[in-house]
Amino acid sequence: MKSVDLPPLYLLLASMSRYRAECLSKIDLPFAQWAPHIDETPLENEQPADLVCRLAGLKAQAGLKAINGDADIARKSEVSHILASDQVMALGQTILGKPHTMEKAKEQLRSMSGQTVYFYTSLCVLDTNTNESRITLDKTKVTFRDLTDEQIELYLNFEQPLDCAGSFKSEKAGILLCKGIEGKDPNALVGLPLVSLTDSLAALGYQLPTSNKIV
């Protein structure tokens with residue numbers, strides 16, 4: 094958990110993802126990380142957008158319960174907002190999550206070869222003082238090149254993207270696999286849409302930095 098030199102008020106990122114932490118670090122906002130434990134099983138006939146928005150909300154609520162309970166979170170009474178996100182990739186009607194194994198990753202990438210897919214990335218920002226929350230959704234269109242088994246093997250061995258939705262790590266070598274990306278925020282593909290985040294924080298009264306300092 095990141096908790097070094099935290100100011101009087103800070104954010105709680107309800108995720109232990111290093112990718113989301115690196116993304117949030119770009120905008121120099123003070124935060125700590127905490128791992129939510131929720132049931133992420135999709136509901137029957139649940140659509141990708143509905144799934145990720147529901148899960149982000151559940152993660153944020155779990156974070157609120159944690160800071161109000163006995164969870165081991167540094168100076169939890171000083172958390173001003175909780176950030177929670179979720180992401181899936183949809184290929185047609187099929188939802189693709191994290192592969193977890195190399196064989197599953199190969200299967201995913203073979204199915205994506207030459208296809209257009211959509212990444213659904215949700216974000217819930219919850220104000221711990223008022224319990225008010227905002228949930229936003231970013232939809233990113235990605236078109237993949239025709240991929241050979243050799244290209245897939247090389248990519249997987251190099252990146253090991255077993256904890257990435259659809260086995261796709263856009264911020265690194267994964268960009269070589271695609272021929273087009275359409276979306277409002279490239280950070281959404283990494284798992285934390287910063288445009289939506291800053292909009293939501295501002296709407297909920299969080300004072301964003303105007304320079305390198307929190308004011």
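Residues in the sequence shown are numbered from 94 upward in steps of one, following our numbering. Even glycine gets a Cβ: it sits at the ideal position worked out from N, Cα and C.
| query | result |
| --- | --- |
| For leucine 184, the first and last residue of its enclosing beta strand (DSSP E) | 172-184 |
| Per-residue DSSP class, three states only, for glutamine 154 | helix |
| Alpha carbon of leucine 285 to alpha carbon of threonine 229, nearest angstrom | 11 Å |
| 3 or more residues per run - each beta strand (DSSP E) lying fully within the segment 188-229 | 209-220 |
| Span of the alpha helix (DSSP H) around isoleucine 245 | 242-252 |
| From Met182, Pro123, Leu290, Asn138, residue whose alpha carbon lies closest to that of cysteine 257 | Met182 |
| Close beta carbons around tyrosine 213, own chain, < 7 Å, minus the five adjacent residues each side | Pro141, Ala142, Val145, Gln180, Val181, Ala183, Leu230, Lys232 |
| Sub-8 Å separation of leucine 189 and glycine 259 beta-carbons | yes |
| Span of the beta strand (DSSP E) around leucine 301 | Unbroken run through leucine 301: none, as it is neither H nor E. |
| Residue span of the alpha helix (DSSP H) that contains alanine 281, given as start and end | 280-283 |
| Proximity winner among Pro254, Val235, Arg203, relative to glutamate 243 (alpha-carbon distances) | Arg203 |
| Closest by C-alpha distance to serine 226, when choosing among Ser293, Pro135, Ser170 | Ser293 |
| Bridge partners - isoleucine 274, DSSP secondary structure assignment | Val235 |
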